[in-house]
Every structure is written in C-alpha cells, then in structure tokens.
Ligand code: ADP
Ligand code: MG
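Residue numbers (my numbering): 11 to 311.
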C-alpha cells in the first residue's frame, strides 16, 4: 500500500511539473516568474494561479493610466507572496492607484450624507462652462473662497432654482475645493437626514445632530422636500440654525422653493398652522445666507 501511495504522489508531482513547464514555455510567464524570489519546487504547485498573476503583471507593465486598467479589480494586481513552503495570493494596490488615493486624501474632509457619486466627485475643473445663468452663483462662490480663507465673516448661500440645474453640484465643488485647505464640511440630503435622525433616537441621535450643528461648512440639500413636522422644524432645524448663527458657521441651502414658498411650507404641520415659528426659521436662514437664484436646464439624464 505504501508503495502505491508513493507511486501516486510521484505521478502527481510529475503532472504538476509538466503543467508548470508548459506554462513556462510562454515568454511572458517566464519573465514574470523570474521576478519572483520563490523556489521552483514551490512554484510548480500553483501554475494556474501564477498564470493569472502573470497576466495581471503584464497588464500593469503595459498600463498607461488607471482608467484603462485591464485587471479584474481596477487598480489592483493579483500577486503571489511566499509564506514558508506555500504561496499566498492577494490583490495588491498598484502604484497609480496609491497615488490617486493620496491625491484624493483631502476628500475625507467632506462628509456626504446620502449624496450621489457624481456629486461626491464634483470639482471646478469639470464644471460646465456653457451656462450664463451660473455666473451669479460662481461669482458668489469665488468671493466666498476669498473671504472665508482670509478668516473674514461671510454668509453661505440659499440657492434656489429648478430641478437638475446643478445647485448641489456647485456647492459640492466648492466644499471639495476647500477640503484641500483642510476645511471640514458636510453635504446632507436633508429629507433623508431627518428620517435617519428619527430612526436613531435611542442610538447616536446626539452625535449625528451635533456633527451637523458644528461642522465648519454645512449644506442642507433640498430643504423644503422633507416631511414637515413641528418636531423637525422646532427641535431640529431651529436649533441647528440658531447655533450656526451664533458661531458664525457658514451654512448653505439648496431648494426648489423660494424663501416665501419655504415659509408657507414650514408653517403647516399635522399639529396645525404656526406662521410665527415658520417665520423665525426663515429669519435665521436669511441671517445665515445670501439668496441666489439658479434657473437652468435640467442636467439630469
Ligand atoms: P440640482 O441639485 O439643481 O437638482 P444637481 O446638482 O444634482 O442638480 O445636478 C444635476 C446633474 O448634473 C448631476 O448629475 C450633476 O452631476 C450634473 N451637473 C450639474 N452641474 C454640473 C456641472 N457644472 N458640471 C458637471 N456636471 C454637472
Ligand atoms: Mg440637488
């Protein structure tokens, strides 16, 4: 029996060796293997995985830029590493991806709350420049950057306008730009933030609430689209705005509603009509921001 087992083992290792030698006759595979500080007796057990790693190694060698990466996971290379008498394979980040990550490190200064991917990447560099309607907004943004970075007191913006006109994108581009100067900000899709805040009553309510209250720059995105309740208006929005006013923390809003429309929207809740409380919110918004209108074509597809 022992003899038979020995025979089978020998056959197996011959098969492995054949498969390995077969692969080794390929010029690219050979070139890849020669970069590895691993003995042949170990390598021969991993031919198919090494072939896969070899393909990715050569993809990387020919790579021009990250966006044309041919590897299974973009920006990563399937690579072998020797551990004792074994080889472990894992996906390792390539140099180009590492550089890109480092370049984008500043984005960590912006907290996005239920915001679309393209908004997270918003930048002045990619801004559509074909639209005269944006000029007042861009002027304000330029002024804002100048004053804010000098430490001067400056108001945020109440950006009101049509759906898809680029309101959120423009403020996101501003926050991303200031993030490079280590200024922290948050873009909060307001209707969803309220839903989530309600759901976290017994959990991290205070933490979420305080974060929004205190962050350097805040965008309350799509205000007016939320479900208005007296609690949301008087215990959430009111205190956030009050605090930010007292602390001179610039606050931005985007809305499909004008301030007048927002006021009537905020006055009606299931517990009745309260014009005074709605008025008070609008007064705070006016203290915190300059109203700018953006009416433009819908950029959503
Ligand atoms: P709004 O907030 O006014 O409803 P968005 O800011 O969400 O509109 O913009 C709508 C779409 O158009 C988004 O997909 C956004 O990425 C794109 N977009 C808007 N403005 C620009 C811009 N200036 N440059 C590039 N893409 C933009
Ligand atoms: Mg928007």
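For glycine and all other residues, C-beta sits at the position ideal for the given N, C-alpha and C.
Per DSSP, which residues does residue i bridge with? Please list them.
i: residue 264; result: 169
i: residue 87; result: 102
i: residue 304; result: 171
i: residue 299; result: 166
i: residue 231; result: 199
i: residue 121; result: 196
i: residue 97; result: 92
Given this structure, state the Cα-to-Cα distance separating residue i from residue j, to the nearest angstrom.
i: residue 144; j: residue 162; result: 24 Å
i: residue 245; j: residue 268; result: 23 Å
i: residue 260; j: residue 203; result: 19 Å
i: residue 284; j: residue 110; result: 51 Å
i: residue 23; j: residue 15; result: 12 Å
i: residue 160; j: residue 41; result: 56 Å
i: residue 164; j: residue 289; result: 23 Å
i: residue 270; j: residue 301; result: 12 Å
i: residue 147; j: residue 179; result: 12 Å
i: residue 80; j: residue 257; result: 50 Å
i: residue 191; j: residue 29; result: 56 Å
i: residue 99; j: residue 48; result: 13 Å
i: residue 65; j: residue 133; result: 35 Å
i: residue 303; j: residue 167; result: 10 Å
i: residue 43; j: residue 84; result: 23 Å
i: residue 54; j: residue 32; result: 11 Å
i: residue 78; j: residue 71; result: 13 Å
i: residue 90; j: residue 242; result: 55 Å
i: residue 181; j: residue 129; result: 9 Å
i: residue 274; j: residue 234; result: 10 Å
i: residue 10; j: residue 25; result: The requested residue 10 does not occur in the structure, where the chain is confined to residues 11 to 311.
i: residue 212; j: residue 206; result: 12 Å
i: residue 136; j: residue 193; result: 21 Å
With a Cβ-Cβ cutoff of 9 Å, do residue i and residue j count as a contact?
i: residue 21; j: residue 39; result: no
i: residue 295; j: residue 263; result: yes
i: residue 171; j: residue 58; result: no
i: residue 315; j: residue 196; result: The displayed coordinates of the chain run from 11 to 311. Any statement about residue 315 would go beyond what the structure contains.
i: residue 86; j: residue 104; result: yes
i: residue 151; j: residue 184; result: yes
i: residue 298; j: residue 238; result: no
i: residue 186; j: residue 107; result: no
i: residue 199; j: residue 232; result: yes
i: residue 189; j: residue 120; result: yes
i: residue 174; j: residue 308; result: yes
i: residue 101; j: residue 82; result: yes
i: residue 118; j: residue 52; result: no
i: residue 5; j: residue 208; result: The structure shown does not extend to residue 5, since the chain spans only 11 to 311, so no value can be given for it.
i: residue 272; j: residue 265; result: yes
i: residue 97; j: residue 56; result: yes
i: residue 63; j: residue 34; result: no
Contact criterion: CB-CB distance below 9 Å. Does residue i meet it with respect to chain C?
i: residue 131; result: Absent here is chain C; the protein component of the structure consists of one chain.
TODO: Would you check if there are 3 or more beta carbon pairs closer than 8 Å linking the segment 139-158 to the segment 246-254?
DONE: no
TODO: Ignoring anything shorter than 4 residues or poking outside the segment 42-78, list the alpha helix (DSSP H) runs there in chain order.
DONE: Within the segment 42-78, the complete alpha helix (DSSP H) segments at least 4 residues long are 50-53 and 57-72, listed from N- to C-terminus.
- [ ] Determine contact between the segment 135-149 and the segment 210-217, defined as no fewer than three beta-carbon pairs at a distance below 8 Å.
- [x] no
- [ ] Kindly provide the ranges of any alpha helix (DSSP H) runs that are 4 or more residues long and lie completely inside the segment 132-186, ordered along the chain.
- [x] 145-160
Open item on the list: Please give the ranges of any beta strand (DSSP E) in the segment 243-295, keeping only runs that are unbroken, at least 3 residues long and fully inside the region.
Closed with: 261-265
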